[in-house]
Every structure is written in C-alpha cells, then in structure tokens.
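Just so we're on the same page, my numbering is the position in the sequence shown counted from 1, plus 7. Cβ atoms here follow ideal geometry from the backbone N, Cα and C, with glycine treated the same way.
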Amino acid sequence: MKKMTDYIDQQGLRHSTQREIIAQEFFKTKGHVSVEDLYDRTRKVNSKIGIATVYRTMNLLQDCGLAVRRDFDTGQPAFELETEQHHDHLICTSCGKIVEFFWEEIEKNQNHIAKKHGFELQHHKMELYGVCKACQKKPKSLQTRQKS
Numbered sequence: 008m009k010k011m012t013d014y015i016d017q018q019g020l021r022h023s024t025q026r027e028i029i030a031q032e033f034f035k036t037k038g039h040v041s042v043e044d045l046y047d048r049t050r051k052v053n054s055k056i057g058i059a060t061v062y063r064t065m066n067l068l069q070d071c072g073l074a075v076r077r078d079f080d081t082g083q084p085a086f087e088l089e090t091e092q093h094h095d096h097l098i099c100t101s102c103g104k105i106v107e108f109f110w111e112e113i114e115k116n117q118n119h120i121a122k123k124h125g126f127e128l129q130h131h132k133m134e135l136y137g138v139c140k141a142c143q144k145k146p147k148s149l150q151t152r153q154k155s
C-alpha cells in the first residue's frame with residue numbers, strides 16, 4: 008500500500024477510503040480478477056463504491072507498478088498482482104478459468120527461434136486457449152463461452 012500512497016502523493020491525487028478498499032481487496036486476490044468481480048467484492052465492504060472507481064483504481068495500481076492488466080480473449084480485462092516472476096497462461100474458452108504456468112523448455116525454444124530469425128527478444132506473452140478438464144465433461148453445446 009505504501010507504493011500506492013507514495014504514487015498518489017507524487018501525482019497530486021487525493022487519498023480516498025474507496026481506493027483503499029479496492030486496493031485491499033485486489034491484494035487479497037489469488038491469480039486473476041476482472042473489474043466486475045472486484046467491484047462485486049468491494050461493494051460488500053462499501054456499497055457506495057462505483058464501477059468507474061474500481062476501473063480508475065485498477066488503472067492507478069497498474070500505473071504505479073502494483074498490477075498488470077491482461078487482455079485475454081474473454082471480452083473483459085483481468086488484473087493480477089505485478090510479480091518479477093515470468094509466467095504464461097492457459098485460458099479455458101468455456102468457463103474463463105486461467106491457469107498460470109512456467110516451462111523452461113518453452114522459454115529456451117522461444118529464444119532459439121528468435122535468434123534463428125535474427126531477433127533479440129525483449130519480452131513475450133503466451134496465451135494458450137482451450138477447454139479445461141471440468142468443461143470437457145460438459146456437453147459440447149455448453150462449451151462455448153459468450154463474450155461479455
């Protein structure tokens with residue numbers, strides 16, 4: 008929270024209880040969270056929090072380096088805590104489940120491919136889309152997720 012409050016001070020923004028509640032709920036998150044899910048959670052703490060405030064606070068957390076925005080193919084952004092540890096993602100196209108993974112072989116192959124084509128990699132993101140084990144048990148007609 009200190010990093011956020013320092014950033015707010017540096018930017019000349021005002022401190023607010025609503026921002027603090029949203030940030031605290033976000034920091035409790037394991038994995039990824041959509042603005043809508045975070046909005047639902049924060050409204051249980053303070054019913055006066057609006058969705059626009061959640062969006063603005065998440066942008067602020069992103070700007071000060073505490074959150075990372077992920078735009079998966081789900082129709083709405085997801086946020087996760089900023090970490091130094093690189094990872095890639097598996098995304099279920101049916102239920103939206105997101106699994107983080109790291110595999111050294113993939114990283115080595117990406118570097119090899121880049122060098123082979125004369126590139127020096129700066130960064131990358133990998134998102135693999137499919138149907139998770141739980142959704143595979145559903146009838147095929149129920150495996151297509153509607154985008155929000």
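- The Cβ atoms of L45 and I28 do not sit closer than 8 Å to each other.
- Among the bridge pairs identified by DSSP, G137 is matched with C99.
- Within the region 38 to 110, the runs of alpha helix (DSSP H) at least 4 residues long that lie entirely inside it are, in chain order, 42 to 52 and 58 to 70.
- For K10, the closest C-alpha among the options K37, V61, L68 and E43 is that of L68.
- For the options D16, T81 and E89, the alpha carbon positioned closest to that of A74 is the one of E89.
- Following the DSSP letters along the chain, one finds Q18 inside the alpha helix (DSSP H) bounded by residues K9 to Q18.
- The continuous alpha helix (DSSP H) containing E32 extends over residues T24 to F34.
- Shown here for Y136: same chain residues with a beta carbon closer than 7 Å to its own, the five before and five after excluded, namely D80, I98 and T100 in chain order.
- In the three-state reduction of the DSSP assignment, E127 falls in the coil class, being assigned neither a helical nor a strand state.
- In this structure the region 45 to 56 does not touch the region 108 to 120; the number of beta carbon pairs closer than 8 Å is below three.
- Rounded to whole angstroms, the gap between the alpha carbons of H94 and M133 is 8 Å.
- Your pair E87 and H39 checks out as a contact, with CB atoms roughly 5 Å apart and the cut at 8 Å.
- Within the model, the alpha-carbon separation for Q31 versus H96 is close to 25 Å.
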